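To convert a position in the sequence shown, counted from 1, into the numbering used here, add 14.
Beta carbons are placed, not taken as given, at the ideal position from N, Cα and C, and that holds for glycine.
Please read these numbers as outputs of a predicted model, since none were measured by experiment.
Written out below as structure tokens is the structure these notes cover.
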Amino acid sequence: MQILLRNELHVRHQSHSAPPESRSEEAERREPGKMEKVLLIFSVASALCAVSTVPQRNYHFIYQAKNWTEAQRYCRENFIDLATVADVNDMWLLYSLVDLRQMFASSYTYEAWIGLYSDFNSWRWSMSDPNFYQQNESFRNWYPSQPDNNGGDAACAVFSGSYSGAWTDASCALNLPSVCMDVSGRNATFYLISTTMTWFQAQSYCRQYHTDLASVRNLSENQRLMTLVQSSGAWFGGIRGCVAAGFKGPGGWEDWMCDAEKVFVCYSGPSRRAVKLKLVRDSSLNLSDPVVLEDMLGQLKLKLKGQGVNNVQLRWREKPNGQVFSKDEEKNPSKEVKPKHDCS
Numbered sequence: 015m016q017i018l019l020r021n022e023l024h025v026r027h028q029s030h031s032a033p034p035e036s037r038s039e040e041a042e043r044r045e046p047g048k049m050e051k052v053l054l055i056f057s058v059a060s061a062l063c064a065v066s067t068v069p070q071r072n073y074h075f076i077y078q079a080k081n082w083t084e085a086q087r088y089c090r091e092n093f094i095d096l097a098t099v100a101d102v103n104d105m106w107l108l109y110s111l112v113d114l115r116q117m118f119a120s121s122y123t124y125e126a127w128i129g130l131y132s133d134f135n136s137w138r139w140s141m142s143d144p145n146f147y148q149q150n151e152s153f154r155n156w157y158p159s160q161p162d163n164n165g166g167d168a169a170c171a172v173f174s175g176s177y178s179g180a181w182t183d184a185s186c187a188l189n190l191p192s193v194c195m196d197v198s199g200r201n202a203t204f205y206l207i208s209t210t211m212t213w214f215q216a217q218s219y220c221r222q223y224h225t226d227l228a229s230v231r232n233l234s235e236n237q238r239l240m241t242l243v244q245s246s247g248a249w250f251g252g253i254r255g256c257v258a259a260g261f262k263g264p265g266g267w268e269d270w271m272c273d274a275e276k277v278f279v280c281y282s283g284p285s286r287r288a289v290k291l292k293l294v295r296d297s298s299l300n301l302s303d304p305v306v307l308e309d310m311l312g313q314l315k316l317k318l319k320g321q322g323v324n325n326v327q328l329r330w331r332e333k334p335n336g337q338v339f340s341k342d343e344e345k346n347p348s349k350e351v352k353p354k355h356d357c358s
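Have a look at this one:
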């Protein structure tokens with residue numbers, strides 16, 4: 015989703031009191047020459063606080079080592095979410111922001127979690143010892159339409175006792191019972207842990223007191239878990255791979271186990287910028303006329319576009335009385351009036 019920068023322009027004008035406008039003056043005020051004159055003063059006075067580019071989002075490197083789920087939770091609580099990288103320009107922006115020394119000091123790696131999962135079907139087991147699995151042993155028992163990554167953070171597998179041992183995907187942050195296993199050679203003994211935990215807490219518990227979270231290599235083992243799990247669901251060892259952005263060497267995306275601890279990148283939306291201007295205008299222009307105001311915004315957008323600033327929204331901020339402009343009284347009418355601007 016694109017979030018557009020919104021620049022709110024507060025504009026005041028200075029002028030001597032002007033006589034009431036006649037019909038001919040009212041018609042004249044919309045002539046191109048008049049409008050160009052005002053906009054020339056307007057653009058010179060403000061220089062539009064010339065910004066060379068307007069980012070779609072702001073990135074924030076968090077130099078704390080966390081697993082993917084913890085990183086996502088932190089970003090959602092403090093910003094918007096883990097960073098999404100739409101194109102090569104976003105990646106170059108990340109390269110320009112990263113502090114590699116601080117990154118390595120925090121996690122001893124040069125990767126950072128971002129808000130992408132790896133391939134939709136890249137599920138693997140928490141127990142990674144290749145000797146525990148036979149070649150091409152790829153048993154899966156997903157419930158129909160699963161996995162569906164509902165909510166965008168369903169990276170952990172749930173064993174559903176109420177669905178005849180079918181598997182579903184869910185957020186790793188849910189608190190559920192879990193199934194651990196003790197491994198001897200290629201033999202596994204399963205244990206139901208009734209204490210509810212997140213997937214990563216369950217993994218730590220199983221690795222401390224058993225071998226690991228349960229792997230289900232075949233239909234026979236799936237049926238054995240069914241005798242243990244009578245509840246609606248319990249964690250076992252299935253987890254989807256997560257993606258980190260690499261910042262050393264060629265860089266790019268790297269596939270990692272989601273329980274690895276890395277620094278991470280959050281993003282927030284662009285902030286609104288208010289530009290306060292003081293404008294000298296020709297008294298024949300009616301700055302309460304919506305058509306005049308809209309024309310001015312259109313010309314300002316063209317000015318910004320000419321400076322390479324795209325994807326920007328401009329609007330006038332109205333005062334409580336419904337007016338955009340307020341008049342400053344001249345303290346010294348004999349003194350030459352010069353345009354001023356203040357960018358905030």
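At the level of alpha carbons, what is the spacing between residue i and residue j?
i, j, result
"P161", "A180", "11 Å"
"K333", "S340", "9 Å"
"V257", "S302", "53 Å"
"N163", "T182", "9 Å"
"P92", "G129", "The sequence shown places Asn at residue 92, not Pro. Their Cα atoms are separated by approximately 15 Å."
"L314", "P158", "54 Å"
"R331", "E308", "13 Å"
"S176", "F204", "18 Å"
"I253", "R238", "20 Å"
"K80", "Q337", "51 Å"
"V25", "A187", "For V25, the pLDDT reaches just 36, beneath the cut-off of 50, and the residue's location in the model is therefore unreliable, although a value from the coordinates is still provided. Taking the straight line joining both Cα atoms gives about 49 Å."
"G320", "L114", "35 Å"
"N145", "R221", "18 Å"
"A259", "G265", "7 Å"
"M240", "V112", "48 Å"
"Q396", "A274", "Outside the displayed span of the chain (15 to 358) sits residue 396, for which this structure offers no information."
"S136", "S142", "14 Å"
"G263", "L107", "17 Å"
"G283", "N150", "45 Å"
"A216", "W82", "15 Å"
"S57", "L299", "In this prediction, S57 scores a pLDDT of 40, lower than 50, which makes its location untrustworthy; the coordinate-derived value is nonetheless stated afterwards. Those two C-alpha atoms are separated by around 17 Å."
Looking at the unbroken beta strand (DSSP E) that takes in residue i, where does it start and where does it end?
i, result
"Y205", "201 to 211"
"C194", "190 to 198"
"E268", "266 to 270"
"T182", "180 to 184"
"N72", "72 to 80"
"S282", "276 to 282"
Can you tell me which of the options puts its alpha carbon nearest to the alpha carbon of residue i?
i, options, result
"D104", "C280, M310, P334, M141", "C280"
"D101", "Q321, L242, R71, A202", "R71"
"L190", "F153, T209, I253", "T209"
"R231", "Y88, S282, A202, M271", "A202"
"L328", "L316, K317, L311", "L311"
"W439", "G265, Y88, N236, I94", "Outside the displayed range of the chain (15 to 358) lies residue 439, so it cannot be described from this structure."
"G247", "L206, Y219, K262", "L206"
"F173", "L299, N335, S245, K262", "S245"
"Y109", "L318, K317, F261, S282", "F261"
"G165", "L299, L316, Q86, G255", "Q86"
Going by beta-carbon coordinates alone, are residue i and residue j separated by less than 7 Å?
i, j, result
"E84", "E268", "no"
"S185", "D167", "yes"
"V213", "C170", "The sequence given here places Trp at residue 213; Val does not occur at that position. Yes. Within cutoff."
"A97", "Y73", "yes"
"V193", "F250", "yes"
"M271", "A228", "no"
"V277", "M117", "yes"
"V197", "T225", "yes"
Following a CB-centred definition, is residue i positioned closer than 6 Å to any heavy atom of the ligand GTP?
i, result
"S198", "Absent from the structure shown: the ligand GTP. Ligands present: none."
The alpha helix (DSSP H) that contains residue i, what's its start and end?
i, result
"R254", "Where R254 is concerned, there is no enclosing alpha helix (DSSP H), although the beta strand (DSSP E) it sits in stretches over 248 to 254."
"E308", "304 to 320"
"R238", "233 to 242"
Every unbroken alpha helix (DSSP H) within the stretch 95 to 177, with a cutoff of 4 residues, ordered by chain: Whole alpha helix (DSSP H) segments, 4+ residues: 102 to 111, 114 to 121.
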